[in-house]
Each structure stands twice: as C-alpha cells, then as structure tokens.
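The structure appears right after this line, and notes come after that.
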Amino acid sequence: MPHAFPLFPVQASSAAPGVDQLFYFLIAVSVFFSALIFLLIFYFAIKYRRRSKDEAPPKNQVTNSIQLEVLWTVIPMVLVAVMYFWGADIFVRDARPPRNATEVFVVGKQWMWQIEHTNGKREINALHIPVDQPIKLTMTSQDVIHDFSVPAFRMKNDVLPDRYTTEWFKATRTGKFHLFCDQYCGMGHSLMRGWVYVMKPEDYERWLRSDVTGITMADQGETLYHNLGCITCHGTGKGPAFAGLYGKPVKLSDGQTVVANDAYLRESILYPTAQIVNGYSPIMPTFKGQVSEDQVLQLIAYIKSLGSTESNTGAP
Amino acid sequence: MSSPEVELPIESRVHYLNAGYGIKSWLLTTDHKRIGLMYLVSITFFFCFGGIAATLMRLNLLEPQGLLVEPETYNKLFSMHGIIMVFFFLIPSIPAVLGNFLIPMMIGARDVAFPRLNLLSWYVFMTGGLLALYAVIAGGVDTGWTFYTPLSTAYSNTHVMAAAAGVFIAGFSSILTGMNFVVTIHKMRAPGLSWFRLPLFIWAMYATSIIFILGTPVIAISLALVGLERWFHVGIFDPALGGDPLLFQHMFWFYSHPAVYVMILPSMGVISELVTAFSKKKIFGYHFIAFSSIAIAAIGFLVWGHHMFISGQSIYAGLVFSALSFAVAIPSAIKVFNWTATLYKGSISYEAPMLYALGFIGLFTIGGLTGLFLATLAVDQHVHDTYFVVAHFHYIMVGGAVMGYLGGIHYWWPKISGRLYPDGWARVAAIIIFVGFNLTFFPQFILGYLGMPRRYAVYPAEFHTLNVVSTAGASILGLGYVIPLVYLIWSMRYGPEAGPNPWHATGLEWTTASPPPTHNFEETPVVTEEPYAYDRLAEEIQVV
Amino acid sequence: MSNSHAVVAEQFDDRAQQHEASSLGMWIFLATEIMFFGGLFTAYTVYRNIHTAAFETASHLLNAKLGAFNTAVLICSSLTMALAVQAAQMGKRKRLITYLLSTMALGLVFIYIKFILEWHHDFLEGLAPGLHFTYAGPHASRVELFFCFYFIMTGVHALHMIVGEGVMTVLLVMAWRGAFSQERYNPIEMMGLYWHFVDIVWIFLFPLLYLLGARF
Amino acid sequence: MSEHIAPKKLYFFVFASLLVLTLLTWQIAYVDLGQWNIVVALAIAVGKASLVAMFFMHLRWSGSMMRIVVCAAVFWLAIMITLTLGDVLTRGRVVPSQGWHTSAAILHTAAPANQQR
Chain W
362 MPHAFPLFPV QASSAAPGVD QLFYFLIAVS VFFSALIFLL IFYFAIKYRR
412 RSKDEAPPKN QVTNSIQLEV LWTVIPMVLV AVMYFWGADI FVRDARPPRN
462 ATEVFVVGKQ WMWQIEHTNG KREINALHIP VDQPIKLTMT SQDVIHDFSV
512 PAFRMKNDVL PDRYTTEWFK ATRTGKFHLF CDQYCGMGHS LMRGWVYVMK
562 PEDYERWLRS DVTGITMADQ GETLYHNLGC ITCHGTGKGP AFAGLYGKPV
612 KLSDGQTVVA NDAYLRESIL YPTAQIVNGY SPIMPTFKGQ VSEDQVLQLI
662 AYIKSLGSTE SNTGAP
Chain U
516 MSSPEVELPI ESRVHYLNAG YGIKSWLLTT DHKRIGLMYL VSITFFFCFG
566 GIAATLMRLN LLEPQGLLVE PETYNKLFSM HGIIMVFFFL IPSIPAVLGN
616 FLIPMMIGAR DVAFPRLNLL SWYVFMTGGL LALYAVIAGG VDTGWTFYTP
666 LSTAYSNTHV MAAAAGVFIA GFSSILTGMN FVVTIHKMRA PGLSWFRLPL
716 FIWAMYATSI IFILGTPVIA ISLALVGLER WFHVGIFDPA LGGDPLLFQH
766 MFWFYSHPAV YVMILPSMGV ISELVTAFSK KKIFGYHFIA FSSIAIAAIG
816 FLVWGHHMFI SGQSIYAGLV FSALSFAVAI PSAIKVFNWT ATLYKGSISY
866 EAPMLYALGF IGLFTIGGLT GLFLATLAVD QHVHDTYFVV AHFHYIMVGG
916 AVMGYLGGIH YWWPKISGRL YPDGWARVAA IIIFVGFNLT FFPQFILGYL
966 GMPRRYAVYP AEFHTLNVVS TAGASILGLG YVIPLVYLIW SMRYGPEAGP
1016 NPWHATGLEW TTASPPPTHN FEETPVVTEE PYAYDRLAEE IQVV
Chain Y
7 MSNSHAVVAE QFDDRAQQHE ASSLGMWIFL ATEIMFFGGL FTAYTVYRNI
57 HTAAFETASH LLNAKLGAFN TAVLICSSLT MALAVQAAQM GKRKRLITYL
107 LSTMALGLVF IYIKFILEWH HDFLEGLAPG LHFTYAGPHA SRVELFFCFY
157 FIMTGVHALH MIVGEGVMTV LLVMAWRGAF SQERYNPIEM MGLYWHFVDI
207 VWIFLFPLLY LLGARF
Chain C
5 MSEHIAPKKL YFFVFASLLV LTLLTWQIAY VDLGQWNIVV ALAIAVGKAS
55 LVAMFFMHLR WSGSMMRIVV CAAVFWLAIM ITLTLGDVLT RGRVVPSQGW
105 HTSAAILHTA APANQQR
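Same order as they appear, the protein sequences are chains W, U, Y and C.
Sequential numbering of the first sequence, starting at 362, is according to the working numbering.
Sequential numbering of the second sequence, starting at 516, is according to the working numbering.
Sequential numbering of the third sequence, starting at 7, is according to the working numbering.
Sequential numbering of the fourth sequence, starting at 5, is according to the working numbering.
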C-alpha cells in the first residue's frame, strides 16, 4: 500500500469494480440528499430566525401538502428500488461459482485459518492463488463461527461449524492482500488474519509444486478410506458404492431425493443415520469425533475423484 | 393558567419533588414523575459506565498493536460497552425517563394506568442491571452484546450467564413499561384528546411500546435458551445435535433489530416536539409523521435478516430481507422531509434543545442513508462486520438516539426540576458534542470501506491514522458529555425559576406548574384543539 | 380492602375505566406471553422441518395416552375456572371458593402427571438431555434435540402453571375473607384469562410434542 | 366489555366440544395420513384454542381492542415463523447455475464438474 491514507481499498478481483460502482452510486445519492437537507436547514434557520424575543408566531402556517408528501415518498421509493435490484444482481452473481473454478478448502479454528489445496499442499493464515482464475473456497469451522473476508476482493462469507459455506472470486491483479476474520470469534479474533498472495500462473504452479509430498487430498482420502474401514462396507456392496456418486441424485429411504454434494457427503460421514440411501440399512457408525474437518474434506475429495467413473464396483 | 399558587416560589409550594422526603419516599413511590427521575439517575450511571468502557477502547486503538490492554480485555470492554449501552442505557433512555415523566402529563392524566407495575419495572430493571454489573466486576464477559452461539454457549469461559440473565431480567422491565404505556395512552386520555390531537411524542412512544410488547419476549426466550444450553450442556443451537446457530441469530435479531427502532423512534418523537416549539410553527404533515412511526415499528419487525446476509443464510431469504429493509427507509425519509418543511417560514430560535434537534436531523440523515448501503446486498457483502457498520449504527444510536435524548432532557428540564440551566453552556456543549461525534465516527466509515473489521483489538498499521483521528474525536465527545452533567446538577439548586412554560410551547405538560404537583393537574384539563397550535398565541388550552 | 373507596384506584376516573384498563393490560400481557412461547414454537418448528423423521421417532417415545389425559384434565380446570369467574361476577362467594379449589386441584393433578408419571419416567428411560441421556436408537442426536425442546417447552408451561397455582392461593385467601363482590372481581377475571391462556398453550403443545407422525 | 355473564349451559357445551376434539385428535394420531397428520392435529388445536379464547376468555363479548391485541401477537408470531422458515427451507439451494451441487450439476452428469487429478 503506497498511500498512508487511502480512501478506497484496492480493486483486486473481478467483483470489486462492480461493487465499487454501486458504492459510488450510493454515495452520490447520499451526498445529494444530505446536502439538500443540510442546505435547507441552514437556509431556513437563517432566513426565518426569530428576530426579537417576543416575535409573534407566524400567521397562515402551511402545515400540509399532499403533493409534497407524495413527491418525497415516491422519489425515495424509486431510488431504493434501483439500489435493491442493482445490489441483488451483483449478489446473486457472486453467489454462483463458475464451473471451472479451482477448488481450495478452508478450515477455520480459534484462531487460525487452515487452508488445503487439492494437490495436498497446506498453508496456514495464507492463501496462494493464481491471478485471473476463478477460485472457489469450500469453508467450514472446527469450533465457533468465523468469517473469511478479503476486502480487496470485496468478498466475505461466514464460516460455520458443521456446515459448508462457499465463496468464490477471480483475482485480477497480483500482490499481497489482507485476509481477515470478520466474525467475532473469541479472544484471538483480531489475530486471526493473514494474507492472500495473488501470483502469476507460472509462479503459482511453481509454488504449488514446491515442498509437496505428491500426495493429493484425494490420495489422503483414499488412505483414510482403507484405514477407517470404509472399504469393508462401501467396497463390498453392503453400503452404497462411491464410484460415480458425486453430484448425482440419491434416492433416500424416506422417499426424498437429494444431490450427493459436499454437504450431503459430510453429513453421511458424521451423522450416517440422518439420511439413509434407499435399499440400505442404517448400520453405519458415526465418524463424528474420529475424523477431523480436514479429513472429512479429504474423504470427500476422494469420493469426488471417483466422480466420472460409471462402474458399479466399489473402489477403483 | 396564572393561578396564584403557581406564582409562589418553588420552595414554598407543594410539588412532586417535595411532597415527601427521605429515601423511602422515593423507593416506594408510585408517582410516574419520581419513577422517571429514578430511571434518569440509574441510566446516567450506566451511561457513564459504558462510556468509560468506550474511552478505554478508543485509547487502546491509538496504537495498531494496542496501547493499553490485551485483546482478551479489549473483547470484554467492547462486550460490556455494547451490553450496558444497548440494554441498560439506550433502550430505557427516552421511554423510561421522558416517557414515564411526560406521557401522563401530555395526555392530561393523573398517573399511568398501573403505577405499582411502573415501580416494579424499575426494580426489575435495577436487578437486571446489577446482575450485568456483577458480570463485569466478577471478570467480564467476552461474547459481544450479540451472544452469538456457539461462542456464547460452548466456548466462552467468561460470565455469560450473569450478563445474559441481566439482559433477560431487564427485558421484563421493558415489557411492563410497554404494557403500561399502551394502556395509559388508550384509556387515560383527557376529555377531548382524540388520537389526532395527541402530541407526536405520544405516537412515537406508542409505536415504541408495540415493539416492547411484541419483541422483548423473544429476546428473553432466546437468551433463556442460551442459558439452558450453557447450564445443562444440552444442544439447542449446537450443530452436533442437528441444531442451527443461525436460528439463534434469527431469534436474536427478531428483537434486536426492532430494538434499534426502540432507540430511534422516541428520539423522533422528541424531535417533532422540539422542531415545532422552537420554530413556533405547527408541525408539517402531522398525519404522515404519526403514521410513519407506526409504519417503522411494524416494518421494523420484517427486516432482521439484513444482519445475516453473509451469515450462511439462504440467499433467497437475503433477497427478501434486503427488499423489506429498503421499505423501512421510506417512513424515515418522510419524517426527515417533514421536519425540514416545518422550519419553512417559522420563527426559529436557537436555544440548546433546538441545536440538539437540528444536529439530530443532520446526523440521522447520514445514519439513515448509510443504512441503505447495508441493505444493499452486494455492498453489505463487503462492509458487513467492518467499521462501516460500527459508524452507521453509532450515527443512529448516538447521533440519533442520544442527541434526541439530550435535546429532550434539556427541553423538559425546566418542567422536571422547575429551574433553568445556563443556556450558553448548554449551547456550547451541544456544539462540542456535535463536532466530537462527527470526528469520532465519520472516519470509521472510511475505515470500514477500507476493510477494517469491527471488534479488532489490534489492527494492521495502514488503518492507524484514521483510528487516531477517531480517538481524538472521542475525547472531544467525552468532554461534551461531561458539561451537561455538571450544569444540570448545578441548576437543580442554583438555577433561576423556570415558571410553568419557559419556552411558550403548547402541550398539556406546559399548562401545569413546574415542577408539577403530585397529581399533575389541579383539575383535569379539557382539550379543544389540535396539537402545536402555534398559529394562535400560546396558552389557549382551556382549563375547565 | 372491600370498601367502596378502594374499588377505584386514584389514577382512574371511574370503575368502568379501571376495568377496561386492567382487561386491556392483561390481554397485552398475554400477547407478550404469546411471543415468549412463540420463540420456542419458532425454534421447534424449524427443527421439526429439518429433522422430520427424527422428531417423529422421538415423539413416539412419549406416552400419548397420558398426554391426552392431561389435556382433558386441563380442559376441566379451564371449565371450573370459567365457572369461578362467573360465580365472582354474580357475587357468589361460596361457589367462587369451590370452583377455585377445584381448579387448583385439577392443576395439581396435571402437574403430578407431568412431573411424576412423565418426566420421572422419561428420566429413568434415559431421555433427559444433559442429565441422563442414553437413547441410542436411530437419529440419536436429533432425538436428543427433540427432548431438549420437550423438557424446555413442558417445563416453561409447568412453570406458568405453578405461578398460577401460587396466585390462585392468594386469591383464594382473599375470596375467603370476602374481598370480592359484584363490584370488584377484576383479579379473579384476570386470573381466569391467565389460566385459560396456559390451557391454550398446552392445547398446542399436546399435538406438537405427542402426536407427530402417525402412531400405529 | 367483558362484564357479560355467560350462561352455565354455554360453558358446559364448550367444555364438551373441547373434550370431543381432544379425543378426536388423539385417535387421528393412530391413522396414517402422511404429511397431513400434523396439519390435521394443528387445525384441531386452532379450533380448540379459539373455543377457549372466544367463550372461556370472553373474547366474543370483549371490545375490538382486545381482539386486535391477540391478532397482532399471532400475526407477528406468524411473521417470525414464516421468515425464519423461509431461510431454513431454502438454504443450501444455491441458484441453479453452472455451480457444483445443484440441479444443473445433475443435468451435466456426463461432464465431470471438475477434474481433480
């Protein structure tokens, strides 16, 4: 940051200019109406000041005007309608991650950010991403509610325990940007911050491949799949098979159909009896307490990696 | 009006202040005026308490690494500042002090409908307040005033129970007050005082009471659930049992957003009185101001979800709540325009209450307009939980509610105490408060848009300059608040006698002596005209 | 207490104004009670919608027969309360005392069934979250959530009944001393409104807690 | 106002209806109506509550203000429940788009949403 006293934050994402434009519009409306009210008050206050102590109250007072009331009801209505639709439009677009986004996984805990890339690379309180490429964060918390906020990207979302929330952005300039926890999370809240490093694609590739064991998240998930004994049921037909499962509709025993997304898989690992797949019995024990949030993410990554195969066997 | 009794000096006349002496005559009183004064003393105490916490916070933020205290202590400071200021100062401020004092007098009644419940509500309030104070003295509470789960239920090891119990209990004081006011306004009006002859302060208090009645029970039960979860280690909002932390946020904000209108609506009522009295003009658009109060109270219940746009709430709910939040801006805008229009062709004078009123209109305009930023989904996604929000709600709660409260206290002080305060000092204080306030909170808008998160004990160095400016402003603001405290207390003994109507204002409260006799009026007044009849000379209200 | 001077409090002009004010005040108080229980009902509704199957399973662990019987007990007490108010309106002291006593007795029957036959039993079954929860059938954690609500909702309701019993005891003593008359029966009437409200809350709690999903 | 004195006969009639309705709602619980069990049970509860409010609580003979108070509370409660449920029931259903876990993802089963390896 070259200026010691900036008035506006840097625009470093594809969403930032849109948000800022709307912000400027809001400022323009606000300045106009504040100035109008202030000037009128000053003008009236000086023009109609009481000139002597015993000045009689004014005669023939105007106390009503339907035209004026309608005017200052309708004009604000129109303006706020513009604000609403403009804001809603950007918001809805920001809620839809593009299909080609690179996935990164975030686990918040008191008071640090744990970040894992799909190739197994981990970092703490730092997020390295390539420029000009959409990034989708899948976030969860191990304890209280946190919030993953990157002001330069004009983007934030709360990070909740026992649930996945997402946010996505496309960085448009390289550099180092603040990462804050914006939802008060206890003693170390103001220390729960870090940096987002936006890199040129080639630098990013180099970074991603350095110091990495070569074991991807999906690999780690596969190891867990064997070690935790998932394979004894899900590999033998006693439990539903994983191949080709991800993103597909699943028919449940209570007749409902759900999509096998991150949230569904997570719930099935931790609370297996909540949603029973049609035709199977509720025999799976819970893995709550046995696997950490990042291990759940690894298991999901593993199941996801089996996504495209249409085979009916268990493990590949 | 000029009955010979009023002409007597204050000391030689029996009025509500000297009708009984001794601590018992106060602690067991059922006189709404005395209860109002007891509230005044209590909330002033809580205000000082919350103010000290704020001062320490601002001092700490002088340095990016924290000047005074550890983050742990800072967290306790802002939590206590929030809890004390919201629940024990702002919410009871105008309703419990000025509302109690004025409502029966403004409607020509001898007292409120249930005087003993009224006294009870003060005791309930004090019980809650003392519990909250206990929480501070015993070591503090660090959840913020929002008590979000699971931080408050499972992770915080501070005195959450005591603080939550304090807020829970104080809530019943609000409920009793609201009940009392609604029944009083419905059933105790003087002959001839129809709904559209009521002062706008009464309309505002009526709207406020609706929120007290329908909202407060919900915060009570939400905090009770937090307490039970914490106490028995059961999981009402615990995601591990399938509970939903967002459900707590819904229930919390169902009350706590309307609670913001509990703070601002009474101030709006006060401003309507002040603007007319000091421009000697009938209010512009009486019906629009009256109904916009009711509209704000009603729509105010539909907008709570804008505190949760980025909380993991469904985006569809976000879209609905955003639209509803914009809707509540309209009645607020109507009020501001009508007040401004009231000044047109008035006969405007600038005693201290009027300075507060004009300050209120300006600051509320800024506060209200910045609220639009937060109702706008995409912008909120950037500024949510930053200093932008802090600045916005301080413009509403301090620039709005507290300015209105101080304006009201100054305006009705001659009625309360029977004496005048030094107007010169009061004007100086009003200007100092206005300047100090803007200097404190305007930089926080910029900080917020730059991305500085709220509730940060330490912060990145690039936010340093603006934080120093803000702290400098806070010291001016703090000074501004001390001055009225001094001269108002001074005036109680040494101020010149005010007489029944020092401002030559309309309204039933000005037709009786200052300070009023215990039963307010020598004879029940009969009302024969519309309020704010400044177009005719004052003192036209006929006493039968 | 019962002399005509004390019938109208000093802030009121006449008895009609006082009566209207206290009725309105009581109804407003009941509105706050609706919102108070409403918070619980909202939370309950949300969870029932998320965990429909689990809540039905949990509901079937409750004894619907006792629930239905208790509903009948409470309706009986509402009837006797209504009759007590009527007796007060007509200035019949003896009948008022009889009906008040039967209302209180029926209330105690309800509380007995609730605490001794139901809560105690649930506790022994291991269905008391936080104290003794051993249920390990399907949806165990969600069943625990249901039972949190079961105990809180019936507990808050029972608390209201106990408060009602306490106030009624005072009223009973006052009635015994002849404090009420055709001119002054407001407290009895207010008590009636409160008691019927508590009954209404139970009328909703019964299906919501005991009758979720079909039992067969 | 509620100075009205209702006849005893009416009270007993209301009482009998309440008992019948209680019996009814209890018995219906043993009939499988699927989703409708709770709807029927609540409908009966609303009926019972109205009987109590109207006759036992004299709302039928009370001023309109009392009815407004009750309606306001019920209405605000409905607001709280509706808007909260509105969030809970639509949560997680991200706008159908090119997103991951959406109905759109189902349509594109053939195309892998994102190749991990």
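Backbone N, C-alpha and C define an ideal beta-carbon position, used for all residues, glycine too.
Note that this is a predicted model, so its numbers are computed, not measured.
Notebook entry, point to check: Does any C-beta atom of chain W lie closer than 8 Å to the C-beta of Ala987(U)?
Noted result: no
Note to self: Between which two residues does the beta strand (DSSP E) holding Pro610(W) run?
What the structure shows: Pro610 to Lys612
Item checked: Limits of the unbroken beta strand (DSSP E) element including Cys154(Y) -> From DSSP, Cys154(Y) is part of no beta strand (DSSP E) but of the alpha helix (DSSP H) over Ala146 to Trp182.
Next item on the list: Can you tell me which of the three DSSP states Ser502(W) falls into?
Entry: strand
Next item on the list: For Ile2(C), count neighbouring Cβ atoms within 10 angstroms of its own Cβ and tell me buried if that reaches 16, exposed if not.
Entry: A question about residue 2(C) goes unanswered here, because the residues of chain C that appear run from 5 up to 121.
Check: Which chain Y residues are close to Lys702(U), counting only those with a beta carbon under 8 Å from its beta carbon?
Finding: Gln23, Glu26, Ala27 and Leu30
Notebook entry, point to check: Are the stretch 452-467 of chain W and the stretch 483-495 of chain W in contact at 8 Å, needing three or more beta carbon pairs?
Noted result: yes
Next item on the list: Look at Leu89(Y) and Thr160(Y) and say whether their C-beta atoms are less than 8 Å apart.
Entry: no
Notebook entry, point to check: Can you tell me where the alpha helix (DSSP H) with Cys75(C) in it begins and where it stops?
Noted result: Ser68 to Thr94
Notebook entry, point to check: Which of helix, strand or coil does DSSP assign to Trp660(U)?
Noted result: coil
Next item on the list: Just the chain Y side, please: which residues come within less than 7 Å of Val152(C) by C-beta, in chain order?
Entry: With chain C running from 5 to 121 in the structure shown, residue 152(C) is simply not present.
Notebook entry, point to check: Can you tell me the Cα-Cα spacing of Val777(U) and Ile726(U), whole angstroms?
Noted result: 7 Å
Notebook entry, point to check: For a contact meaning CB atoms closer than 9 Å, what does Asn832(U) contact in chain C?
Noted result: The displayed chain sequence assigns Ala, not Asn, to residue 832(U). Simply Leu87, Thr88, Gly90, Asp91, Val92, Thr94 and Arg95.
Next item on the list: Return the CA-CA distance between Leu217(Y) and Trp40(C), expressed in angstroms with no decimal places.
Entry: 12 Å
Margin query: So with CB distances below 8 Å, who are the chain C contacts of Leu729(U)?
Written below: Ala76, Ala77 and Trp80
Next item on the list: Please name the residue in Val611(W), Lys561(W) and Pro378(W) whose C-alpha comes closest to that of Asn622(W).
Entry: Val611(W)
Margin query: Classify Ala4(Y): buried if its beta carbon has 16 or more other beta carbons within 10 angstroms, exposed otherwise.
Written below: Outside the displayed range of chain Y (7 to 222) lies residue 4(Y), so it cannot be described from this structure.
Item checked: Alpha-carbon spacing of Ala1013(U) relative to Thr980(U), whole angstroms -> 47 Å
Next item on the list: Go ahead and pull the three-state DSSP assignment for Ile622(U).
Entry: coil
Next item on the list: Counting only the same chain and skipping the five closest in sequence on each side, list residues whose C-beta sits under 6 Å from that of Asn69(Y).
Entry: none
Notebook entry, point to check: What is the rounded straight-line gap between the Cα of Pro367(W) and the Cα of Ser829(U)?
Noted result: 34 Å
Item checked: Cut-off 6 Å between Cβ atoms - residues of its own chain near Ser614(W), not counting five sequence neighbours on either side -> Ile637 and Asn639
Margin query: With three or more C-beta pairs closer than 8 Å as the rule, is the stretch 933-941 of chain U touching the stretch 998-1005 of chain U?
Written below: yes
Item checked: Ordered list of beta strand (DSSP E) runs contained in the stretch 455-483 of chain W, each at least 3 residues -> 463-470 and 473-478
Check: At a CB-CB cut-off below 9 Å, which residues of chain U make contact with Gly184(Y)?
Finding: Correct list: empty, because the minimum Cβ distance to chain U is about 23 Å.
Check: If Asp759(U) sits next to Val52(Y), beta carbons under 8 Å apart, how far is it from one beta carbon to the other, in whole angstroms?
Finding: 7 Å
Notebook entry, point to check: How about the stretch 45-64 of chain Y and the stretch 130-149 of chain Y: do they share at least three Cβ pairs that are nearer than 8 Å?
Noted result: yes
Checklist line | Residue(s) in a DSSP beta bridge with Ser374(W) | finding: Ala532(W)
Next item on the list: Consult DSSP for Tyr558(W) and reduce its assignment to one of helix, strand or coil.
Entry: strand
Check: What in chain Y is Cβ-close to Ala735(U), meaning under 7 Å?
Finding: Phe42
Margin query: Residues in the same chain with beta-carbon distance under 8 Å from Pro665(U), minus the five sequence neighbours each way, listed in chain order, please.
Written below: Phe752, Asp753, Pro754 and Pro760
Check: In chain U, which residues lie with their C-beta within 9 Å of the C-beta of Leu151(Y)?
Finding: Val749, Gly750, Ile751, Asp753, Leu756, Gly757 and Gly758
Check: In chain U, which residues lie less than 8 Å from Ala49(Y) when you measure between Cβ atoms?
Finding: Leu740, Ile751, Leu762 and Met766
Note to self: 8 Å is my cut-off, CB to CB: does Phe629(U) come that close to chain Y?
What the structure shows: yes
Next item on the list: Identify whether Ile751(U) lies in helix, strand or coil by the three-state DSSP scheme.
Entry: coil
Notebook entry, point to check: Relative to the alpha-carbon of Phe852(U), which residue among Tyr409(W), Pro370(W) and Leu432(W) has its alpha-carbon at the smallest distance?
Noted result: Leu432(W)
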